[in-house]
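Going down the list, the protein sequences come from chains A and B. Numbering follows numbering that gives the first Met the number 0, with no gaps: position 68 of the first sequence is 67. Numbering follows numbering that gives the first Met the number 0, with no gaps: position 248 of the second sequence is 247. Notes follow once the structure below has been shown.
Protein chains: 2
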Amino acid sequence: MKRDKVTFNEIAHYTGFSKTTISRYFNDPDSVSEKTREQLSAALKKLNYRENKLARVLAKGKTEFIGVIIPDLQMHYYARLLTEILAMSDLYGYKFLVFQGRGNLEAEERYIRELLSYSVEGLLMVSHTIPSASLASLDIPVITIEREDRHVSSVNADNYCGGRLAAKALADCGCEIMIHINADLKPVSPAYGRIIGFRNLCAELKLPEEEFLHSFGNKYEEIYPVMKTVFDTIRKKYKDRKKGIFVSNDTAANVLLNIILQTYRTLPDDWKIVGFDDSPISQEAVIPISSIRQDIPRIATEAVKMLADQIEEKKKGKHDTSLYHNIIPVEYIGRRTTQ
Amino acid sequence: MKRDKVTFNEIAHYTGFSKTTISRYFNDPDSVSEKTREQLSAALKKLNYRENKLARVLAKGKTEFIGVIIPDLQMHYYARLLTEILAMSDLYGYKFLVFQGRGNLEAEERYIRELLSYSVEGLLMVSHTIPSASLASLDIPVITIEREDRHVSSVNADNYCGGRLAAKALADCGCEIMIHINADLKPVSPAYGRIIGFRNLCAELKLPEEEFLHSFGNKYEEIYPVMKTVFDTIRKKYKDRKKGIFVSNDTAANVLLNIILQTYRTLPDDWKIVGFDDSPISQEAVIPISSIRQDIPRIATEAVKMLADQIEEKKKGKHDTSLYHNIIPVEYIGRRTTQ
């Protein structure tokens with residue numbers, strides 16, 4: 000028997016149940032007795048019946064599809080985040096349709112149209128290109144993660160606290176000049192909080208602070224020349240002072256560490272470093288790098304949960320326009336670069 | 000006007016086209032003139048029409064869904080591979096439903112049932128747990144990547160050649176004892192070719208070879224103690240000989256390099272290392288590590304193309320049972336650990 004072709008008639012004939020009972024079994028399993036469910040389940044197995052969920056989707060409007068648009072899986076943070084999002088599949092029964100935007104606005108808009116045409120129930124937006132005002136105008140629930148979120152609900156790490164923790168760790172080492180290296184972020188970016196948190200604690204502690212804020216790319220070969228220039232500047236300018244350097248991500252922190260090691264063959268006591276993300280490189284570096292850990296599993300869990308809640312509300316016809324910005328705590332991980 | 004509710008009648012009324020023309024536009028756009036297409040496209044935009052692809056799917060049996068099951072996105076190789084697979088979305092119009100197996104057989108079987116119930120047109124199987132015999136019994140096209148593939152078509156890197164290239168690079172450095180560190184792989188695993196390739200070239204060059212084959216995990220903290228023991232053994236046993244060490248992946252090669260650097264503060268001239276994968280860590284290490292590069296973009300491209308071809312053949316009712324095992328060339332990348 001070709002399995003695709005099993006009809007309700009055949010199931011009814013084979014099991015003796017009415018088509019109404021069989022229909023109830025498929026559409027509202029709890030409305031039939033456990034015994035009936037077991038008998039039908041066994042019969043369907045025997046008949047090689049394969050459920051066509053798409054047909055049910057059309058009947059019931061529930062696809063269980065969630066769209067995910069991420070910027071670039073080659074950055075560890077996004078790979079880890081997607082790992083944790085996909086792990087939520089079992090808990091919620093969601094299927095994740097994943098697109099990678101790579102900073103291409105036109106492509107991301109097209110992906111969203113695609114996702115809508117396949118009746119996704121919600122969207123997890125991690126890419127940065129589409130403004131939250133546009134996302135808010137979609138008529139499906141949207142949660143953003145770690146990006147501009149003025150018009151949508153979101154989950155972000157506590158970047159501000161992360162900046163403060165980094166400053167505190169470096170101050171605790173007795174650093175005399177505090178330096179922050181970051182991209183030239185816009186204030187609407189959640190990661191901007193790292194700059195403000197660092198700056199504020201330095202001011203509170205009355206420690207001189209200097210910021211090097213310009214884009215330095217994501218890849219080793221892009222980061223290296225920028226970091227080399229910053230290193231040369233710092234080395235010359237703060238020759239005899241104990242330098243506390245907070246770098247906005249661990250990949251870049253590791254590049255700085257390598258430049259220091261290539262220059263001095265060791266990490267001199269007047270250079271202290273804290274990175275951000277607690278990504279594998281912070282542990283894999285020859286001198287393990289202190290870092291600020293983002294709780295990525297919790298970020299993913301909260302985002303999927305918030306999205307699931309919005310989807311449920313929407314089904315009940317409720318339309319809650321309040322925005323929630325969920326801030327997830329970060330943690331300082333001390334390693335050898337702050338000892 | 001609520002956009003979901005736009006009907007063919009309304010479109011016909013608004014545009015003056017017949018319902019037959021409109022239906023042809025949706026189901027076979029090339030069968031209507033370019034001018035008609037443009038007029039209809041503009042009208043649909045005005046009407047806020049949103050295509051319901053799922054309804055079309057049921058009518059035409061074409062979901063454009065491809066299932067992807069990967070083991071673990073936290074390993075760079077898989078994140079990179081998924082990056083390249085997702086990048087094929089634009090070329091083929093496929094939507095990728097992504098699941099992460101994490102070595103859980105029961106979960107992966109469930110994911111496959113889910114994917115089938117959503118009428119995926121094909122499956123890219125990167126996870127290892129489900130035997131290829133089971134995959135071959137699914138009635139959709141399946142392509143595997145870098146895993147046991149006796150009963151399905153597949154794309155793999157040229158692991159055998161990779162092993163030979165590693166041996167050649169170490170022999171060219173004048174190494175006197177050749178060492179290979181790998182997991183205890185089964186011969187059906189494509190990566191087993193690395194062991195054989197290395198072993199064979201050493202034999203051809205009449206160089207003594209020793210293999211350390213036991214599982215050492217994927218994470219730094221798992222790899223470290225295993226690698227430390229191997230390092231201590233090698234150091235003692237081959238004290239006065241020039242050691243050429245081929246490590247089965249760059250993460251593990253970097254751990255070995257760190258242990259050497261922590262012991263000697265430099266990489267002594269009698270230790271030469273080649274890793275595998277050319278993953279970022281090989282470049283990010285304080286002493287950049289020579290490696291064997293897998294052409295991941297091409298692996299992904301070939302896999303999606305082979306799957307697309309099989310899907311087309313299946314639609315035409317052809318049933319080609321031949322298996323194709325597509326082997327993608329690898330490349331030696333010389334860096335400082337073989338200088």
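Note that CB positions come from ideal geometry on N, CA and C, so glycine has one too.
query	result
Whole-angstrom C-beta distance between Leu255 (chain B) and Ile244 (chain B), which should lie under 8 Å	7 Å
Ala88 (chain B): contacting residues in chain A (beta-carbon distance under 7 Å)	Going by the sequence as given, residue 88 (chain B) is Ser instead of Ala. Correct list: Phe98.
Contact set between Ile326 (chain B) and chain A, taken where Cβ atoms lie within less than 8 Å	Per Cβ cutoff of 8 Å: no residues; Ile326 (chain B) is ~25 Å from chain A at best.
Under 8 Å by beta carbon: chain A residues contacting Ala362 (chain B)	Within the shown structure, residues of chain B are numbered from 0 to 338, placing residue 362 (chain B) beyond reach of any answer.
Buried/exposed call for Glu107 (chain A), threshold 16 Cβ in 10 Å	buried
Where His318 (chain A) falls, given that 16 or more other Cβ within 10 Å makes a residue buried	exposed
Residues that DSSP places opposite Glu210 (chain A) in a beta bridge	A:His179
Proximity of His12 (chain B) and Ser153 (chain B) at Cβ, strictly below 8 Å	no
Interface residues of chain B facing Ala78 (chain A) [CB-CB closer than 7 Å]	Leu72, Gln73 and Ala78
Proximal residues of chain B, C-beta to C-beta of Arg335 (chain A) below 9 Å	Those within 9 Å of Arg335 (chain A) in chain B number zero; the least Cβ separation is about 11 Å.
Paired residues, beta bridge with Asn155 (chain A) - DSSP	A:Ile326
Cβ-Cβ separation, Val119 (chain B) to Ile65 (chain B) (assumed contact under 8 Å), whole Å	6 Å
Own chain residues within Cβ distance below 8 Å of Pro28 (chain B), not counting five before or after	Arg36
Nonlocal neighbours in the same chain, by C-beta distance under 7 Å from Ile310 (chain B), ignoring five residues either side	Glu120, Gly121 and Pro140
Pick from A:Arg292, A:Ala299 and A:Lys304 that is closest to Ile332 (chain A), judged by C-alpha positions	A:Arg292
Rounded Cβ spacing between Asp183 (chain A) and Leu212 (chain A) (contact assumed at less than 8 Å)	5 Å
Rounded C-alpha distance that separates Phe98 (chain A) from Phe98 (chain B)	13 Å
Proximity test, Cβ basis, 8 Å: Thr320 (chain B) and chain A	no
Contact set for His75 (chain B): own chain, Cβ-Cβ below 6 Å, skip 5 residues either direction	Ser278
Unbroken beta strand (DSSP E) run spanning Thr143 (chain A), endpoints	Val141 to Ile144
Assigned secondary structure, His318 (chain B) (DSSP; H/G/I helix, E/B strand, else coil)	coil
Minimum Cβ-Cβ distance from Thr20 (chain B) to chain A less than 8 Å	no
Proximal residues of chain A, C-beta to C-beta of Glu293 (chain B) below 7 Å	Here residue 293 (chain B) is Gln; the residue named in the question, Glu, does not match the sequence. In chain order: nothing, as chain A lies at least about 14 Å away.
For Asp231 (chain A), three-class secondary structure by DSSP	helix
Interfacial residues, the segment 242-268 of chain B to chain A, with Cβ spacing under 8 Å	Thr250, Asn253, Val254, Leu256, Asn257, Leu260, Gln261, Arg264 and Thr265
Buried/exposed call for Lys242 (chain A), threshold 16 Cβ in 10 Å	buried
Selection from B:Glu175, B:Met226, B:Ala156 and B:Asp231 that minimises the alpha carbon distance to Gly196 (chain B)	B:Ala156
Top-ranked residue by Cα proximity to Ile327 (chain A), from A:Val246, A:Asp294 and A:Thr62	A:Asp294
Cutoff 8 Å: Val303 (chain B) Cβ touching any chain A Cβ	no
Rounded distance between the beta-carbons of Ala190 (chain B) and Ser289 (chain B), thought under 8 Å	Between Ala190 (chain B) and Ser289 (chain B) the Cβ distance is about 19 Å, and since that is not below 8 Å, they are no contact.
Assigned exposure category for Ala302 (chain A) - 16 Cβ within 10 Å defines buried	buried
Residue of A:Val151, A:Thr228 and A:Val285 minimising C-alpha distance to Val187 (chain A)	A:Val151
Sheet register partners of Ile291 (chain A) (DSSP bridge)	A:Tyr331
Sequence-distant residues of the same chain with beta carbon closer than 6 Å to Pro130 (chain A), five excluded per side	none
Minimum Cβ-Cβ distance from Ile280 (chain A) to chain B less than 8 Å	yes
Proximity test, Cβ basis, 8 Å: Thr300 (chain B) and chain A	no
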